[in-house]
Amino acid sequence: MKHDLLTFSDWTPTQMQTLLELAVSLKQHPADYSNVLGGRSIVALFEKPSLRTRVSFEIGIHKLGGHLVYLDAQANSLVGREDIRDTAANLACWADAIIARVFAHNTLTTMAAAAKVPVVNALCDKFHPCQALADYLTLYEQFGEVKGRTLAYVGDGNNVTHSLLIVGALLGCNVISVTPQGHEADTAIFALAQDIAKQTGARIEKSHAIEAIKGVDVLYTDTWLSMGDKTPLAAIKEKFMPYQVNETLFANSGARFVMHCQPAHRELEITNRLIDSEASLLMQQAENRMHGQNAILTHLLAG
Ligand code: CP
Ligand code: NVA
1 MKHDLLTFSD WTPTQMQTLL ELAVSLKQHP ADYSNVLGGR SIVALFEKPS
51 LRTRVSFEIG IHKLGGHLVY LDAQANSLVG REDIRDTAAN LACWADAIIA
101 RVFAHNTLTT MAAAAKVPVV NALCDKFHPC QALADYLTLY EQFGEVKGRT
151 LAYVGDGNNV THSLLIVGAL LGCNVISVTP QGHEADTAIF ALAQDIAKQT
201 GARIEKSHAI EAIKGVDVLY TDTWLSMGDK TPLAAIKEKF MPYQVNETLF
251 ANSGARFVMH CQPAHRELEI TNRLIDSEAS LLMQQAENRM HGQNAILTHL
301 LAG
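The structure is reproduced here in structure tokens:
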């Protein structure tokens with residue numbers, strides 16, 4: 001039976017920990033995995049732009065001996081040309097897996113139901129699981145373990161927040177989501193993360209008070225306006241500025257590190273000085289996208 005990777009929500013803590021360890025092994029011993037995808041072809045269908053996800057998948061798959069065909073759905077006018085069920089089923093006739101970046105999560109579940117090969121979520125409106133895996137791999141490398149650490153996510157409660165909550169709960173990492181009023185993480189996803197956390201003892205919390213960041217290990221932020229959100233910046237900037245991850249906030253938090261999935265908007269959700277500081281884990285996160293994704297593909301296709 002094929003498995004998809006859409007959210008991690010239905011994974012067990014042991015499965016999540018094993019995948020994290022596989023990512024570590026892939027990073028440390030690349031030669032052992034140089035042909036795990038030998039002869040395999042994977043299609044990436046992207047409805048939205050991407051730098052990190054696209055390039056890290058393409059180069060990562062090459063390093064595993066596989067081959068990627070990239071389809072820009074918009075540039076190739078593929079959106080709306082035919083039913084997405086037919087697109088997915090056709091791609092599965094040739095490809096061993098489909099990687100998709102889409103606007104609506106429903107598109108992924110529809111594709112997964114129609115395709116006889118695994119579908120991997122490369123970002124949708126609700127989740128960004130590949131990002132969260134890379135981020136916890138980064139924390140694992142910095143702290144030696146993830147369990148018991150505390151990450152404060154500051155800013156807009158979005159797809160990245162949701163995946164950090166789910167994967168953090170699975171790995172036993174405490175996650176505090178600190179957002180302005182009206183920009184909280186999805187209630188059902190937050191409750192799901194709290195439920196998962198009962199298995200690992202992680203604290204999953206939310207707050208509107210910026211003081212909630214005190215005493216955490218890491219501050220994490222992301223764009224205030226995600227792809228597809230047409231809200232003008234001017235309409236939300238004032239509301240979000242108190243949540244800017246800047247030097248004062250960082251000093252007040254006592255955190256050792258600052259994280260951002262990128263693309264970053266310098267001097268909006270995070271300051272230049274912090275991005276370029278010693279505390280910044282941004283490039284390590286970016287590098288780890290490839291190792292995390294290679295672990296996912298190895299697990300799904302060669303596990
Ligand atoms: N973090 C991330 O997914 O970056 P891209 O949008 O550039 O892929
Ligand atoms: N929340 C952002 C993440 C980009 C990688 C977005 O969806 O645009």
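Numbering (the UniProt record's numbering), first residue to last: 1 to 303. Glycine residues also receive a C-beta, built at the ideal position from the N, C-alpha and C atoms.
Pair every Cβ in the region 101-118 with every Cβ in the region 143-156, then say whether three or more of these pairs are closer than 8 Å.
no
Delimiting residues of the alpha helix (DSSP H) encompassing His162
Within the sequence shown, residue 162 is the residue found at index 162, counting from 1. Its alpha helix (DSSP H) spans residues Asn159 to Leu171.
Taking 8 Å as the CB-CB limit, is Met16 close to chain D?
Of the protein chains in this structure there is only one, and it is not chain D.
With the cut-off set at 8 Å, would you say Leu297 and Ile61 are in Cβ contact?
Reading the sequence shown from its first residue, position 297 is the one you call residue 297. Reading the sequence shown from its first residue, position 61 is the one you call residue 61. Going by C-beta atoms, Leu297 is nearer than 8 Å to Ile61.
Where does Cys93 land, buried or exposed, given buried means 16+ other C-beta within 10 angstroms?
On the sequence shown, position 93 is the one that residue 93 refers to. Label assigned to Cys93: exposed.
When you compare the CB positions of Pro180 and Tyr243, do they come within less than 8 Å of one another, or not?
Within the sequence shown, residue 180 is the residue found at index 180, counting from 1. Within the sequence shown, residue 243 is the residue found at index 243, counting from 1. Going by C-beta atoms, Pro180 is nearer than 8 Å to Tyr243.
Between which two residues does the alpha helix (DSSP H) harbouring Met259 extend?
Numbered from its first residue, the sequence shown carries residue 259 at position 259. Unbroken run through Met259 is the beta strand (DSSP E), Phe257 to His260; no alpha helix (DSSP H).
Exposed or buried, which one is Ala97 when buried takes at least 16 other CB atoms within 10 Å?
Numbered from 1 along the sequence shown, position 97 holds the residue referred to as residue 97. Classification for Ala97: buried.
Below 7 Å, is the gap between the Cβ of Thr53 and the nearest heavy atom of the ligand CP?
The residue you call residue 53 lines up with position 53 of the sequence shown. Under cutoff, so the answer is yes.
Check whether His162 and Ile189 have beta carbons under 8 Å apart:
Numbered from 1 along the sequence shown, position 162 holds the residue referred to as residue 162. Numbered from 1 along the sequence shown, position 189 holds the residue referred to as residue 189. Contact: yes.
Anticipated Cβ contact below 8 Å, Gln293 with Cys124, distance rounded:
Walking along the sequence shown from the start, residue 293 turns up at place 293. Walking along the sequence shown from the start, residue 124 turns up at place 124. Wrong, their Cβ atoms sit about 16 Å apart, outside the cutoff.
Going by alpha carbons, who is nearest to Ile59 out of Glu287, Thr150 and Gly303?
Stepping through the sequence shown from its first residue, residue 59 is reached at position 59. For Ile59, the nearest C-alpha among the options comes from Glu287.
Going by beta-carbon coordinates alone, are Val218 and Leu151 separated by less than 8 Å?
Within the sequence shown, the letter at position 218 stands for residue 218. Within the sequence shown, the letter at position 151 stands for residue 151. A contact, by the Cβ cut-off of 8 Å.
What does the Cβ neighbour count give for Pro232, buried or exposed, with the cut at 16 atoms within 10 Å?
On the sequence shown, residue 232 is found 232 positions in, with the first residue counted as 1. Label assigned to Pro232: exposed.
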